[in-house]
Amino acid sequence: MPRPVTTESAWIELAGSRLALLDRARIYVCGITPYDVTHLGHAATFVWVDTLARVLRRCMAVEPVVCRNVTDVDDVLDGAAMRAGTRADDFAAFQEFQFEGDMTALHVRRPDFEPWAHRYVDAVVRLAAALLAAGAAYERSGTVYFRGAGVPERAGLDRTTALALATEFGGHPDDPDKDDPLDVPLWQATEHDHQMWPSPWGPGRPG
Numbered sequence: 001m002p003r004p005v006t007t008e009s010a011w012i013e014l015a016g017s018r019l020a021l022l023d024r025a026r027i028y029v030c031g032i033t034p035y036d037v038t039h040l041g042h043a044a045t046f047v048w049v050d051t052l053a054r055v056l057r058r059c060m061a062v063e064p065v066v067c068r069n070v071t072d073v074d075d076v077l078d079g080a081a082m083r084a085g086t087r088a089d090d091f092a093a094f095q096e097f098q099f100e101g102d103m104t105a106l107h108v109r110r111p112d113f114e115p116w117a118h119r120y121v122d123a124v125v126r127l128a129a130a131l132l133a134a135g136a137a138y139e140r141s142g143t144v145y146f147r148g149a150g151v152p153e154r155a156g157l158d159r160t161t162a163l164a165l166a167t168e169f170g171g172h173p174d175d176p177d178k179d180d181p182l183d184v185p186l187w188q189a190t191e192h193d194h195q196m197w198p199s200p201w202g203p204g205r206p207g
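Under the UniProt record's numbering, read the sequence shown as residues 1 to 207, first letter to last.
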């Protein structure tokens with residue numbers, strides 16, 4: 001007769017390492033940038049995470065705690081809102097409403113936590129200031145960059161691959177203000193037709 005799965009016997013494998021599951025599992029999933037309708041990629045991601053949470057709870061006696069963010073501060077959102085002739089926050093709220101309807105139709109449960117980026121701008125400013133004070137970041141023309149040159153090696157990537165990924169996913173390695181192409185903007189100086197907040201380095205938004 002098979003042995004029942006308990007928190008003492010449950011485990012998952014990540015990057016080739018077996019990790020024991022305790023009585024709670026924290027799951028973070030990157031949520032939407034609410035600038036357009038939900039597509040199949042969104043659906044696949046969130047259905048998979050919801051399935052994982054249900055399996056953990058029902059089959060492994062592990063209580064999942066799911067966090068799914070909403071990236072409502074972004075260039076693509078600003079552009080979509082301008083094309084629609086509306087404010088970015090109103091546009092984002094409408095797209096999120098439609099998204100929640102899609103998730104309900106797919107029987108995807110709401111996450112336990114759903115942080116919206118605009119509600120954490122002050123936290124981003126404090127983080128950027130702390131990294132500046134620690135020498136892990138620098139400011140140039142109102143933008144604060146994290147020093148990312150050493151990140152690929154720590155992540156097991158060669159520099160060529162890291163640069164290719166940065167180019168593909170909007171990392172702008174050709175930004176002339178960067179000390180290194182792999183540096184990452186933590187706080188970004190912003191033009192007046194975009195969302196912006198005050199900061200010690202001038203008006204801008206999270207990078």
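Even glycine gets a Cβ: it sits at the ideal position worked out from N, Cα and C.
task = Identify every residue that forms a DSSP beta bridge with residue 13.
result = Locating residue 13 in the sequence shown gives position 13, counting from the first residue. In the DSSP secondary-structure assignment, residue 13 is bridged to 18.
ask   = Hey, quick one: how far does the alpha helix (DSSP H) through residue 48 stretch, first residue to last?
value = Numbered from its first residue, the sequence shown carries residue 48 at position 48. Taken as a continuous stretch (DSSP letters only), the alpha helix (DSSP H) holding residue 48 covers 40–59.
ask   = What are the boundary residues of the beta strand (DSSP E) that residue 173 is part of?
value = Counted from its first residue, the sequence shown places residue 173 at position 173. No beta strand (DSSP E) holds residue 173; DSSP gives it neither H nor E.
message = Using 8 Å for Cβ pairs, my map puts residue 189 next to residue 202. What's the rounded Cβ distance?
response = Here residue 189 refers to the residue found at position 189 when the sequence shown is read from its first residue. Here residue 202 refers to the residue found at position 202 when the sequence shown is read from its first residue. Yes, they are in contact, since the Cβ atoms of residue 189 and residue 202 sit about 6 Å apart, within 8 Å.
key: Those residues which DSSP pairs with residue 191 across a bridge   = Against the sequence shown, residue 191 aligns to sequence position 191. The partner list for residue 191 (beta bridge, DSSP) is empty, contrary to what the question assumes.
inquiry  = Whole angstroms are fine: how far does the CA of residue 65 sit from the CA of residue 90?
reply    = Counting from 1 along the sequence shown, the entry for residue 90 is found at position 90. Counting from 1 along the sequence shown, the entry for residue 65 is found at position 65. Their Cα atoms are separated by approximately 29 Å.
ask   = How many Å lie between residue 24 and residue 126 at the Cα?
value = Translated into positions along the sequence shown, residue 24 becomes position 24. Translated into positions along the sequence shown, residue 126 becomes position 126. Going from the Cα of residue 24 to the Cα of residue 126 covers about 30 Å.
inquiry  = Starting from residue 121, trace the alpha helix (DSSP H) in both directions and tell me its first and last residue.
reply    = Here residue 121 corresponds to residue number 121 of the sequence shown, with the count starting at 1. Where residue 121 is concerned, the enclosing alpha helix (DSSP H) stretches over 121–133.
request  = Name the two residues that bound the continuous beta strand (DSSP E) containing residue 143.
outcome  = Residue mapping note: residue 143 aligns to position 143 of the sequence shown, counting from 1. Unbroken beta strand (DSSP E) run through residue 143: 143–146.
ask   = For the beta strand (DSSP E) that residue 203 lies in, which residues bound it at each end?
value = In the sequence shown, the residue the question calls residue 203 occupies position 203. Counting along the chain, residue 203 falls outside any beta strand (DSSP E), and DSSP gives it neither H nor E.
inquiry  = Quick check: the segment 178–194 against the segment 137–149, are at least 3 beta-carbon pairs closer than 8 Å?
reply    = In short, these stretches touch, since the Cβ pair count reaches three.
task = Take every Cβ of the segment 32–44, pair it with every Cβ of the segment 74–83, and state whether three or more of those distances are shorter than 8 Å.
result = Yes, they touch.
Candidates 115, 205, 83 and 22: closest to residue 57 by CA position = Stepping through the sequence shown from its first residue, residue 57 is reached at position 57. The option with the nearest alpha carbon to residue 57 is 22.
query = My guess is that residue 69 and residue 117 are in contact by the Cβ rule of under 8 Å, so how many angstroms apart are they, rounded?
reply = Locating residue 69 in the sequence shown gives position 69, where the first residue counts as 1. Locating residue 117 in the sequence shown gives position 117, where the first residue counts as 1. Indeed, because the Cβ distance is near 7 Å, the residues count as touching under 8 Å.
task = Name, in chain order, the residues that DSSP records as bridge partners for residue 30.
result = The residue given as residue 30 occupies position 30 in the sequence shown. None, per the DSSP bridge assignment.
ask   = Between residue 177 and residue 140, is the Cβ-Cβ spacing less than 8 Å?
value = For the purposes of this step, residue 177 is taken as residue 177 along the sequence shown, with counting starting at 1. For the purposes of this step, residue 140 is taken as residue 140 along the sequence shown, with counting starting at 1. With contacts defined by Cβ atoms closer than 8 Å, residue 177 and residue 140 form a contacting pair.
inquiry  = So, at 7 Å on beta carbons, what are the nonlocal neighbours of residue 103 in its own chain, with the 5 sequence-adjacent residues on each side left out?
reply    = The residue given as residue 103 occupies position 103 in the sequence shown. The residues are 46.
task = Measure the CB-CB distance between residue 99 and residue 167 and report whether it falls below 8 Å.
result = The count along the sequence shown starts at 1 and reaches residue 99 at position 99. The count along the sequence shown starts at 1 and reaches residue 167 at position 167. Not in contact: residue 99 and residue 167 (Cβ atoms no closer than 8 Å).
request  = In the DSSP assignment, find the unbroken alpha helix (DSSP H) run with residue 152 in it and report its ends.
outcome  = Residue 152 sits at position 152 when you count from the first residue of the sequence shown. Where residue 152 is concerned, the enclosing alpha helix (DSSP H) starts and stops at 151–155.
ask   = Can you tell me the Cα-Cα spacing of residue 197 and residue 205, whole angstroms?
value = Stepping through the sequence shown from its first residue, residue 197 is reached at position 197. Stepping through the sequence shown from its first residue, residue 205 is reached at position 205. Note on geometry: alpha-carbon atoms of residue 197 and residue 205 lie some 6 Å from one another.
task = Taking residue 140 as part of the beta strand (DSSP E), name the residues at either end of that continuous run.
result = The residue labelled residue 140 in the question sits at position 140 within the sequence shown. Unbroken beta strand (DSSP E) run through residue 140: 137–140.
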